[in-house]
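Chains as they are written, first to last, in the working numbering: chain A, 1 to 115; chain B, 116 to 231. Where a beta carbon is used, it is the ideal one built from N, C-alpha and C, also for glycine. One structure below.
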Amino acid sequence: AQTVTQSQPEMSVQEAETVTLSCTYDTSESNYYLFWYKQPPSRQMILVIRQEAYKQQNATENRFSVNFQKAAKSFSLKISDSQLGDTAMYFCAFNYGGSQGNLIFGKGTKLSVKP
Amino acid sequence: DSGVTQTPKHLITATGQRVTLRCSPRSGDLSVYWYQQSLDQGLQFLIQYYNGEERAKGNILERFSAQQFPDLHSELNLSSLELGDSALYFCASSLSPLDRANTEAFFGQGTRLTVV
Numbered sequence: 001a002q003t004v005t006q007s008q009p010e011m012s013v014q015e016a017e018t019v020t021l022s023c024t025y026d027t028s029e030s031n032y033y034l035f036w037y038k039q040p041p042s043r044q045m046i047l048v049i050r051q052e053a054y055k056q057q058n059a060t061e062n063r064f065s066v067n068f069q070k071a072a073k074s075f076s077l078k079i080s081d082s083q084l085g086d087t088a089m090y091f092c093a094f095n096y097g098g099s100q101g102n103l104i105f106g107k108g109t110k111l112s113v114k115p
Numbered sequence: 116d117s118g119v120t121q122t123p124k125h126l127i128t129a130t131g132q133r134v135t136l137r138c139s140p141r142s143g144d145l146s147v148y149w150y151q152q153s154l155d156q157g158l159q160f161l162i163q164y165y166n167g168e169e170r171a172k173g174n175i176l177e178r179f180s181a182q183q184f185p186d187l188h189s190e191l192n193l194s195s196l197e198l199g200d201s202a203l204y205f206c207a208s209s210l211s212p213l214d215r216a217n218t219e220a221f222f223g224q225g226t227r228l229t230v231v
């Protein structure tokens, strides 16, 4: 079975500092896609960053970057220069061909950015 | 704004009732997905449609059904509602199925269903 585990239910960080959210997954597939979604209090699900498993280079989007370790099946999200607007639930997700394209989500990490 | 529209935003209904949730995908998107978000189960995939046809089924109860219409909007029907069906129901859409490269799913703001 394909699973996604986020071991940190809650985290907090001071404004302007850096925080890393952890995600591990279990799959026997060789080609798949990994995602981080943000869900602020407005409850909108917003894609933060995406990584293709066949790409060795870690994805980066402005202040957001990932550390993708394929052998370890690890996909952590680093947020640099944290801002108050980064306060949200963060979900790690992945899909693969056999899932017919639907997303398998972790339980989420609640991130609070403190002034 | 993701471009995916879900109505209604909130719904309160009694046990045993039936409700219909509606989703309009982003213009041009052919795939529609339904997800259920509850406190105990997290985000669970329910069902996916692609260009009017069912493409994948997840943990969807037999009391639930869905369809995608020729204009690509989708409806999720929930019947014989139970207290445990209270959750946030998300619709998402993408141009093509997510197992293809460079495809992104855009989520609506969800429908908060409360069964009393």
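Can you check DSSP and say which residues form a bridge with tyrosine 90 of chain A?
The residue labelled residue 90 of chain A in the question sits at position 90 within the first sequence. Tyrosine 90 of chain A pairs with A:Lys38, A:Thr109.
Tell me the residue span of the beta strand (DSSP E) that contains serine 201 of chain B.
On the second sequence, residue 201 of chain B is found 86 positions in, with the first residue counted as 1. Per DSSP, serine 201 of chain B belongs to no beta strand (DSSP E) and is neither H nor E.
In whole angstroms, what is the alpha-carbon distance linking serine 7 of chain A and phenylalanine 222 of chain B?
Translated into positions along the first sequence, residue 7 of chain A becomes position 7. Translated into positions along the second sequence, residue 222 of chain B becomes position 107. Each residue's Cα considered, the two are about 25 Å apart.
Check whether the Cβ of arginine 43 of chain A lies closer than 9 Å to any Cβ atom in chain B.
In the first sequence, residue 43 of chain A corresponds to position 43, counting from 1. With 9 Å as the cut-off, arginine 43 of chain A counts as an interface residue toward chain B.
C-beta atoms of arginine 63 of chain A and glutamine 83 of chain A nearer than 9 Å:
Translated into the one-based positions of the first sequence, residue 63 of chain A becomes position 63. Translated into the one-based positions of the first sequence, residue 83 of chain A becomes position 83. Closer than 9 Å, so yes.
In the structure shown, what three-state DSSP assignment does serine 157 of chain B receive?
Numbered from 1 along the second sequence, position 42 holds the residue referred to as residue 157 of chain B. The question names serine, but residue 157 of chain B is glycine in the sequence shown. Note: glycine 157 of chain B maps to strand in three-state DSSP.
Would you list the residues sitting across from valine 147 of chain B in a DSSP beta bridge?
Stepping through the second sequence from its first residue, residue 147 of chain B is reached at position 32. Its beta-bridge partners are B:Tyr164, B:Ser208.
Report the rounded CA-to-CA distance for leucine 158 of chain B versus glutamine 51 of chain A, giving the unit in angstroms.
Taking the second sequence and counting its residues from 1, the one referred to as residue 158 of chain B is at position 43. Taking the first sequence and counting its residues from 1, the one referred to as residue 51 of chain A is at position 51. Those two C-alpha atoms are separated by around 20 Å.
Please report how far the alpha carbon of glycine 167 of chain B lies from the alpha carbon of serine 142 of chain B, in whole angstroms.
Residue numbering aside, residue 167 of chain B sits at position 52 when the second sequence is read from its first letter. Residue numbering aside, residue 142 of chain B sits at position 27 when the second sequence is read from its first letter. Using only the alpha carbons, I get a separation of about 15 Å.
Interface partners of asparagine 58 of chain A on chain B, CB under 9 Å:
Counting from one through the first sequence, the residue named residue 58 of chain A turns up at place 58. Within chain B, no residue comes near asparagine 58 of chain A; the closest Cβ sits about 17 Å away, beyond 9 Å.
Determine, using beta carbons only, whether asparagine 62 of chain A comes closer than 9 Å to chain B.
Along the first sequence, read from residue 1 onward, the residue named residue 62 of chain A stands at position 62. Judged by the 9 Å Cβ criterion, asparagine 62 of chain A is not in contact with chain B.
Please confirm whether aspartate 86 of chain A and threonine 18 of chain A have their CB atoms less than 9 Å apart.
On the first sequence, position 86 is the one that residue 86 of chain A refers to. On the first sequence, position 18 is the one that residue 18 of chain A refers to. In this structure, threonine 18 of chain A does not lie closer than 9 Å to aspartate 86 of chain A by Cβ.
DSSP three-state assignment for leucine 126 of chain B, whether helix, strand or coil:
Numbered from its first residue, the second sequence carries residue 126 of chain B at position 11. Strand, per DSSP.
Tyrosine 54 of chain A classed as buried or exposed, judged by whether at least 16 other C-beta atoms fall within 10 angstroms
Indexing the first sequence from 1 puts residue 54 of chain A at position 54. It counts as exposed.
Give the DSSP-derived three-state secondary structure of leucine 103 of chain A in the structure shown.
Within the first sequence, the letter at position 103 stands for residue 103 of chain A. Residue state, collapsed to three classes: coil.
Tyrosine 25 of chain A and lysine 73 of chain A closer than 9 Å at C-beta:
By 1-based counting over the first sequence, the position of residue 25 of chain A is 25. By 1-based counting over the first sequence, the position of residue 73 of chain A is 73. Contact flag set, yes.
Can you pull the chain A neighbours of glycine 173 of chain B, defined as C-beta to C-beta under 7 Å?
Start at 1 with the first residue of the second sequence, and residue 173 of chain B comes out as number 58. Result: Asn102.
Between which two residues does the beta strand (DSSP E) holding tyrosine 25 of chain A run?
As a working mapping, residue 25 of chain A is identified with position 25 in the first sequence. Unbroken beta strand (DSSP E) run through tyrosine 25 of chain A: 24–26.
Which whole-angstrom value is the C-beta distance of alanine 202 of chain B and glutamate 190 of chain B, which I expect to be below 8 Å?
Walking along the second sequence from the start, residue 202 of chain B turns up at place 87. Walking along the second sequence from the start, residue 190 of chain B turns up at place 75. That belief does not hold up - the Cβ atoms of alanine 202 of chain B and glutamate 190 of chain B are roughly 17 Å apart, past 8 Å.
Check the Cβ-Cβ distances between alanine 220 of chain B and every residue of chain A, and say whether any is below 9 Å.
Locating residue 220 of chain B in the second sequence gives position 105, counting from the first residue. Closer than 9 Å: yes.
Start-to-end residues for the beta strand (DSSP E) that takes in leucine 187 of chain B
As a first step, residue 187 of chain B must be located in the second sequence, where it is residue number 72. First-last for leucine 187 of chain B: undefined, no H or E at that position.
For glutamine 121 of chain B versus leucine 136 of chain B, is the C-beta distance shorter than 9 Å?
Sequence index remark: in the second sequence, residue 121 of chain B carries index 6 (1-based). Sequence index remark: in the second sequence, residue 136 of chain B carries index 21 (1-based). Yes, Cβ-Cβ distance for glutamine 121 of chain B and leucine 136 of chain B is below 9 Å.
Minimum C-alpha distance to methionine 11 of chain A - residue among A:Gly106, A:Lys110, A:Lys70
As a working mapping, residue 11 of chain A is identified with position 11 in the first sequence. Of A:Gly106, A:Lys110, A:Lys70, the residue nearest in Cα terms is A:Lys110.
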